[in-house]
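Enquirer:
2 protein chains.
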Amino acid sequence: MSLPTRITDLIVKDIRFPTSLEKDGSDAMHKSPDYSLAYVTVKTDSEIEGRGMTFTVGRGTHIVCCAVEAFKKLVVGQKLADIFGDFGQFWQSICSEDQIRWLGPEKGVTHLATAAIVNALWDLWAKMEGKPLWKLLVDMEPEKLVSTIDFRYMEDALTKQEAIELLKSRQAGKADREAELKNTGFPAYTTSCGWLDYPDDKIRKLATEAISQGMERFKMKVGGDIEDDIRRAKIFRETIGYDRLWVSFPAYTTSCGWLDYPDDKIRKLATEAISQGMERFKMKVGGDIEDDIRRAKIFRETIGYDRLWMVDANQKWEVQESIDWMKKLAPYKPLWIEEPTNPDDIMGHAAIAEALNPLGIAVATGEHCQNRVMFKQFLKAKAMQYCQIDACRVGGVNECIAIILMAAKYNIPVCPHAGGVGLCELVQHLSIFDYISVGCSLKNRTIEYADHLHEHMEAPVKIKNGCYVVPTVPGYLVGVKEEAIKQFEYPMGSEWQRMFADGTFEPDV
Amino acid sequence: MSLPTRITDLIVKDIRFPTSLEKDGSDAMHKSPDYSLAYVTVKTDSEIEGRGMTFTVGRGTHIVCCAVEAFKKLVVGQKLADIFGDFGQFWQSICSEDQIRWLGPEKGVTHLATAAIVNALWDLWAKMEGKPLWKLLVDMEPEKLVSTIDFRYMEDALTKQEAIELLKSRQAGKADREAELKNTGFPAYTTSCGWLDYPDDKIRKLATEAISQGMERFKMKVGGDIEDDIRRAKIFRETIGYDRLWVSFPAYTTSCGWLDYPDDKIRKLATEAISQGMERFKMKVGGDIEDDIRRAKIFRETIGYDRLWMVDANQKWEVQESIDWMKKLAPYKPLWIEEPTNPDDIMGHAAIAEALNPLGIAVATGEHCQNRVMFKQFLKAKAMQYCQIDACRVGGVNECIAIILMAAKYNIPVCPHAGGVGLCELVQHLSIFDYISVGCSLKNRTIEYADHLHEHMEAPVKIKNGCYVVPTVPGYLVGVKEEAIKQFEYPMGSEWQRMFADGTFEPDV
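Chains A and B, in that order, are what the protein sequence lines are. Position 325 of the first sequence, counting from 1, maps to 328 under my numbering, and the rest follow consecutively. Position 444 of the second sequence, counting from 1, maps to 447 under my numbering, and the rest follow consecutively.
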């Protein structure tokens with residue numbers, strides 16, 4: 004196959020999977036997501052194509068596709084040597100298009116679109132080099148790697164020269180770390196068998212399948228109805244036995260800590276969880292402070308103070324409210340407070356962290372953080388102690404590398420957001436690169452795994468013995484299968500047409 | 004005409020004006036803008052319609068329209084009593100739509116779309132009350148006004164109760180201030196006659212027209228070619244005489260301070276400007292520090308230290324670079340540094356302000372600031388000393404009121420971004436409301452005026468004696484003329500079809 008020299012076309016498709024029907028996944032802010040992607044194919048003058056995506060949760064995916072189309076003229080016709088010769092500059096040319104930048108700059112829909120395009124270009128580059136993305140990154144000379152980054156507005160956190168020196172200082176042991184990961188894989192845990200509304204047979208079937216594939220760590224969503232949680236918990240244990248971890252390092256369980264649980268249920272569930280090997284517990288907070296304190300007490304009485312215990316407020320609080328509330332919970336020694344307030348509120352998170360860090364409470368956030376300028380501030384301001392980037396919300400691989408490097412300088416572990424559709428396929432490369440070339444540690448790092456929709460991927464993630472198998476297929480996303488596109492392209496795909504016809508869904512647009 | 008009770012339809016149009024052809028307007032970041040709007044019409048069960056917009060600069064406007072369509076189902080069918088009965092809650096229901104919010108939240112394209120819809124609802128409300136928007140706001144009881152605001156994530160800056168008390172404390176003198184403005188109008192200056200590449204006849208014609216309309220303040224864009232600037236300056240003076248201000252309070256001139264001017268030209272231009280009554284000068288910085296110092300010296304030698312002198316870096320610098328650079332310019336006593344770095348960089352601006360405020364140098368920014376959470380931080384962190392909101396970038400009137408109230412609490416003057424298309428029509432209401440009900444001062448306040456595209460508006464701004472005439476037509480935007488829509492809707496409007504046919508433009512999508 005001849006190598007491509009220029010980009011001849013860019014195609015974007017709106018692909019949505021009706022995950023809300025099957026109750027796959029959901030969180031407090033996105034109650035009924037249809038996992039979706041704005042899927043970009045970059046065509047070239049050879050047979051090699053780049054495929055990229057951004058992740059969304061349903062409605063509005065076409066808006067991102069519309070933005071991708073608007074960038075098309077900046078990409079089609081470009082020589083690949085020009086793009087990859089100075090990728091930082093090319094990245095900037097998209098982010099700073101002189102009319103479209105008004106709609107951002109570098110945030111929201113236009114930045115999600117940038118991510119989809121940029122991820123496709125990295126996929127193309129990796130395929131041209133015949134390497135999986137992580138290997139392309141790991142093998143790249145520090146100077147070359149750093150040339151892909153737009154350092155504008157980062158220099159008060161990390162200069163280009165510092166980035167090069169940081170990468171060079173971590174060259175030692177790279178080969179060992181690479182060999183280690185190839186041997187063991189990257190630790191994973193699965194949430195796939197345990198969504199809230201799954202019927203018994205489905206749980207049994209999925210868990211049995213996962214075991215047959217070597218999975219040793221399981222996470223179950225809880226909180227809908229306590230009797231139902233217990234029912235599913237029993238099924239789990241009947242199916243996976245008690246030798247396997249139900250939720251394992253570095254996963255944690257929220258199963259015992261929902262807002263409206265009465266004392267007995269918390270005690271019972273936490274005791275059960277401990278008997279199953281659970282060492283980390285997360286409790287939902289923010290309903291009523293007296294109630295939170297009551298539940299915190301029960302937790303500590305039940306799990307003791309050697310096990311970890313975190314709390315999660317789902318962006319619910321004001322700043323001072325976060326501080327006041329958490330001070331009252333401080334005697335129970337939570338490890339972190341997750342998303343206490345609005346994801347744009349750096350100063351707010353910094354104030355919360357400043358008040359709470361001396362009490363031993365960390366702040367975790369980042370999944371909704373829009374770009375390197377915001378991450379820079381979170382890191383510099385000591386506003387996050389756990390950095391949860393999204394591979395598609397920031398502007399693709401270039402900006403992810405920039406953030407991973409900044410986080411390394413500030414000694415903050417990066418735990419990328421995963422799940423959804425396609426995110427696992429992408430994120431594994433970033434974490435493997437981080438471990439081999441930058442962070443050099445697995446401490447506090449893990450990759451979430453959700454066993455949904457991988458069948459539609461040309462190169463799905465592989466899990467073995469509960470770990471991500473280090474990918475070997477050249478590329479980054481690699482691609483979505485043609486059959487899946489025919490079925491799930493929105494709104495004309497055959498499955499959507501069928502579901503509109505039978506009344507399962509109404510068309511969104 | 005019967006009053007409407009519910010919304011029956013929502014229509015959005017992409018309307019673009021080919022301003023780049025006529026060289027109307029441009030700045031360092033948006034070199035060739037085609038002033039555009041995503042234009043929303045909210046239809047009701049009566050003949051009254053609400054019209055709203057967001058402003059853009061050309062390419063990408065259809066992306067915003069696409070986002071408006073995605074919100075349609077949240078608006079159509081709603082009872083107006085429900086919306087206006089708890090507008091804060093309704094605003095939140097749009098911003099927190101549980102799938103679309105993933106694309107923001109509350110930033111970029113989806114927030115611009117929110118602004119267009121929300122502005123149309125305010126227009127409708129004002130029309131229903133038979134009042135111009137400013138009067139609707141001014142007459143509203145503080146409790147009711149504050150009910151339109153979503154106070155989530157604001158409480159560390161301003162609580163609901165504080166907002167009510169602030170408004171009540173400024174009730175005294177309201178009637179006098181309203182009468183005063185109705186009598187004098189709101190001070191304006193015009194940039195409309197002086198764009199860079201206008202031919203002689205056009206300048207003469209436009210300036211003569213402006214004079215006949217009572218305009219007394221003129222601003223001329225400079226910096227393309229010095230000989231050309233002088234030529235236009237002469238034409239200006241021949242046309243407007245020397246009794247009128249060329250650029251007047253609170254406008255300032257950048258004409259003498261472009262980057263590559265040799266000493267003699269700066270001296271000559273500044274001397275000329277002084278002879279024309281100019282008291283405020285802005286100098287572009289950031290090319291070469293030695294050169295900036297040289298030009299700063301010339302400025303002060305020429306204009307002395309009693310006149311104001313500001314500098315503008317157009318987001319060019321890193322944070323420390325801004326501080327170092329400005330410290331070297333501090334002996335020349337600049338009033339402010341405008342947009343020293345990235346508009347998302349609160350901590351950066353705060354660090355710059357902290358370093359420079361003791362030297363008497365203020366920081367001005369805000370036009371690209373995305374929402375109340377960011378403004379809150381800029382204000383709390385003392386990161387801006389001049390607050391330049393955009394009526395459409397944040398989520399419409401509700402969020403503008405929130406920011407105006409926060410700015411009042413922190414004693415920061417609000418000078419909304421204007422110009423473009425439609426922005427003058429909107430912004431006048433916000434500034435009038437601010438003066439009568441909140442800020443109660445004209446100090447450091449003004450409204451920019453650009454005499455472009457008003458002919459397409461159903462209720463264009465009126466200028467008399469160089470001031471905005473307080474508008475009396477019920478509504479906010481009021482509307483865009485049908486004829487303009489037929490001509491300039493993109494891409495099917497008759498003017499665009501003509502320009503595609505004759506090769507003036509290529510279609511964008």
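The C-beta atom is built at its ideal place from N, Cα and C for all residues, glycine as well.
1) So the beta strand (DSSP E) A:R54 belongs to, where does it begin and stop?
2) Could you give the uninterrupted runs of the alpha helix (DSSP H) lying entirely in the stretch 309-383 of chain B, keeping only those of 4 residues or more?
3) Could I get the ranges of all uninterrupted beta strand (DSSP E) runs contained in the stretch 407-458 of chain B, with 3 residues as the minimum, in chain order?
4) Skipping 5 residues on each side, what residues in its chain have a beta carbon closer than 6 angstroms to that of B:I229?
5) Can you tell me whether DSSP reads B:A41 as helix, strand or coil?
6) Could you give the residue range of the alpha helix (DSSP H) that holds A:L140?
7) Is the distance from the Cβ of A:D295 to the Cβ of A:L332 below 8 angstroms?
8) Is DSSP giving B:L248 helix, strand or coil here?
9) Which chain A residues are close to B:P108, counting only those with a beta carbon under 8 angstroms from its beta carbon?
10) For chain A, check one thing: does any of its Cβ atoms lie closer than 8 angstroms to the Cβ of B:L124?
11) DSSP has A:V15 in a bridge; who is on the other side?
12) Taking 8 angstroms as the threshold, find out whether the stretch 4-17 of chain A comes into contact with the stretch 62-73 of chain A through three or more Cβ pairs.
13) In whole angstroms, what is the alpha-carbon distance linking A:S5 and A:G80?
14) Looking at chain A, is there any beta carbon in it that lies within less than 8 angstroms of the beta carbon of B:I269?
15) Can you tell me which residues form a DSSP beta bridge with A:Y389?
16) Where does the unbroken alpha helix (DSSP H) through A:C69 begin, and where does it stop?
17) Just to confirm the assignment, what range does the alpha helix (DSSP H) spanning A:I5 have?
18) Does B:G2 pass the burial test, meaning 16 or more other C-beta atoms within 10 Å, or should it be called exposed?
19) Output, in chain order, the set of chain A residues within a Cβ distance shorter than 7 angstroms of B:Y493.
20) Using a Cβ-Cβ cut-off of 6 angstroms (strictly less than) and excluding sequence neighbours within five positions of B:H371, which residues of its own chain qualify?
21) Ordered along the chain, which non-local residues of its own chain (more than five positions away) have a Cβ less than 6 angstroms from that of B:M502?
22) By Cβ distance below 6 angstroms, which residues in the same chain neighbour B:G91 in space, the five residues on each side in sequence not counted?
23) Nearest-angstrom Cα distance between B:L445 and B:E324?
24) Do A:F189 and A:Y471 have their C-beta atoms closer together than 8 angstroms?
25) Report yes if the C-beta distance between A:C418 and A:Q380 is below 8 angstroms; otherwise report no.
26) Report the three-state DSSP secondary structure of B:I152 (helix, strand or coil).
27) For the alpha helix (DSSP H) holding A:W128, just list the boundary residues, first then last.
28) Taking the continuous alpha helix (DSSP H) assigned at B:I167, which residues delimit it?
29) So which residues of chain B does A:K412 contact, with C-beta pairs closer than 8 angstroms?
30) Go ahead and label B:G88 buried or exposed: buried means 16 or more other beta carbons lie within 10 angstroms of its beta carbon, across all protein chains shown.
31) Contact criterion: CB-CB distance below 8 angstroms. Does B:Q380 meet it with respect to chain A?
32) Answer yes or no: does any C-beta atom of chain B fall closer than 8 angstroms to that of A:E321?
33) What residues match up with B:E492 in a beta bridge as DSSP calls it?
34) Under a CB-based cut-off of 8 angstroms, is A:A384 close to chain B?
Expert: The structure says:
1) By one-based count along the first sequence, residue 54 of chain A stands at place 51. That run of the beta strand (DSSP E) goes G53 to T59.
2) Counting whole runs of 4 or more residues, the stretch 309-383 of chain B contains the alpha helix (DSSP H) stretches 322-332, 349-359 and 375-383.
3) List check, beta strand (DSSP E) in window: 450-452.
4) By 1-based counting over the second sequence, the position of residue 229 of chain B is 226. Here B:I229 scores only 40 on pLDDT, less than 50, and its place in the model is too uncertain to base an answer on.
5) As a position in the second sequence, residue 41 of chain B is number 38, starting the count at 1. If DSSP states are grouped into helix, strand and coil, B:A41 belongs with the strands.
6) As a working note, residue 140 of chain A is residue 137 in the first sequence. Where A:L140 is concerned, the enclosing alpha helix (DSSP H) stretches over L136 to D142.
7) In the first sequence, residue 295 of chain A corresponds to position 292, counting from 1. In the first sequence, residue 332 of chain A corresponds to position 329, counting from 1. It is a contact, given that the beta carbons lie within the stated cut-off.
8) Within the second sequence, residue 248 of chain B is the residue found at index 245, counting from 1. Confidence is the limiting factor: at B:L248 the pLDDT is only 44, short of 50, which leaves the residue's position unreliable, though a coordinate-based value still follows. Looking at B:L248 - three-state DSSP - the assignment turns out to be strand.
9) Residue mapping note: residue 108 of chain B aligns to position 105 of the second sequence, counting from 1. What B:P108 touches in chain A: P346 and H371.
10) Working through the second sequence from its first residue, we reach residue 124 of chain B at position 121. So no, B:L124 is outside the interface.
11) Working through the first sequence from its first residue, we reach residue 15 of chain A at position 12. Answer is A:V43.
12) Contact between the stretch 4-17 of chain A and the stretch 62-73 of chain A is present, because at least three Cβ pairs lie under 8 angstroms.
13) In the first sequence, residue 5 of chain A corresponds to position 2, counting from 1. In the first sequence, residue 80 of chain A corresponds to position 77, counting from 1. Their backbone Cα atoms lie some 18 angstroms apart in a straight line.
14) Against the second sequence, residue 269 of chain B aligns to sequence position 266. The beta carbon of B:I269 does not come within 8 angstroms of any beta carbon belonging to chain A, so the residue lies off that interface.
15) Position 386 of the first sequence, counted from the first residue, corresponds to residue 389 of chain A. Residue pairing by DSSP places A:Y389 opposite A:A367 in a beta bridge.
16) Mapped onto the first sequence, residue 69 of chain A falls at position 66. Note, A:C69: alpha helix (DSSP H), T64 to V78.
17) One-based indexing of the first sequence puts residue 5 of chain A at position 2. First, the residue type needs correcting, since residue 5 of chain A is Ser and not Ile in the sequence shown. No alpha helix (DSSP H) holds A:S5; DSSP gives it neither H nor E.
18) Lying before the first or after the last residue shown, residue 2 of chain B is absent from chain B, which here runs from 4 to 512.
19) As a position in the second sequence, residue 493 of chain B is number 490, starting the count at 1. The contact set of B:Y493 on chain A, defined by CB atoms closer than 7 angstroms, is empty, because the minimum CB distance reaches about 12 angstroms.
20) Counted from its first residue, the second sequence places residue 371 of chain B at position 368. Counting only Cβ-Cβ distances below 6 angstroms, and skipping sequence neighbours, we find P346.
21) Translated into the one-based positions of the second sequence, residue 502 of chain B becomes position 499. F508.
22) As a first step, residue 91 of chain B is located in the second sequence; it is residue number 88 there, counting from the start. Around B:G91: S150, T151, I152 and D153.
23) Within the second sequence, the letter at position 442 stands for residue 445 of chain B. Within the second sequence, the letter at position 321 stands for residue 324 of chain B. In this structure, the alpha-carbon of B:L445 lies about 34 angstroms from that of B:E324.
24) Walking along the first sequence from the start, residue 189 of chain A turns up at place 186. Walking along the first sequence from the start, residue 471 of chain A turns up at place 468. Result yes, Cβ atoms of A:F189 and A:Y471 sit closer than 8 angstroms.
25) The sequence position of residue 418 of chain A within the first sequence is 415, counting from 1. The sequence position of residue 380 of chain A within the first sequence is 377, counting from 1. A:Q380 sits away from A:C418, with the two beta carbons spaced by 8 angstroms or more.
26) Here residue 152 of chain B corresponds to residue number 149 of the second sequence, with the count starting at 1. Correct three-state label for B:I152: coil.
27) As a first step, residue 128 of chain A is located in the first sequence; it is residue number 125 there, counting from the start. Boundaries of the alpha helix (DSSP H) harbouring A:W128: G111 to E132, taken from the DSSP string.
28) Start at 1 with the first residue of the second sequence, and residue 167 of chain B comes out as number 164. The continuous alpha helix (DSSP H) containing B:I167 extends over residues K163 to S172.
29) On the first sequence, residue 412 of chain A is found 409 positions in, with the first residue counted as 1. Chain B residues near A:K412: none, gap ~16 angstroms exceeds 8 angstroms.
30) As a working mapping, residue 88 of chain B is identified with position 85 in the second sequence. Burial call: exposed.
31) For the purposes of this step, residue 380 of chain B is identified with residue 377 of the second sequence, where counting begins at 1. Taking Cβ atoms only, chain A reaches closer than 8 angstroms to B:Q380, which makes this a yes.
32) To locate residue 321 of chain A, count along the first sequence from 1; it is residue 318. With 8 angstroms as the cut-off, A:E321 counts as an interface residue toward chain B.
33) If you number the second sequence from 1, residue 492 of chain B lands on position 489. Answer is B:I18.
34) Residue numbering aside, residue 384 of chain A sits at position 381 when the first sequence is read from its first letter. Chain B, which has a Cβ nearer than 8 angstroms to the Cβ of A:A384, makes this yes.
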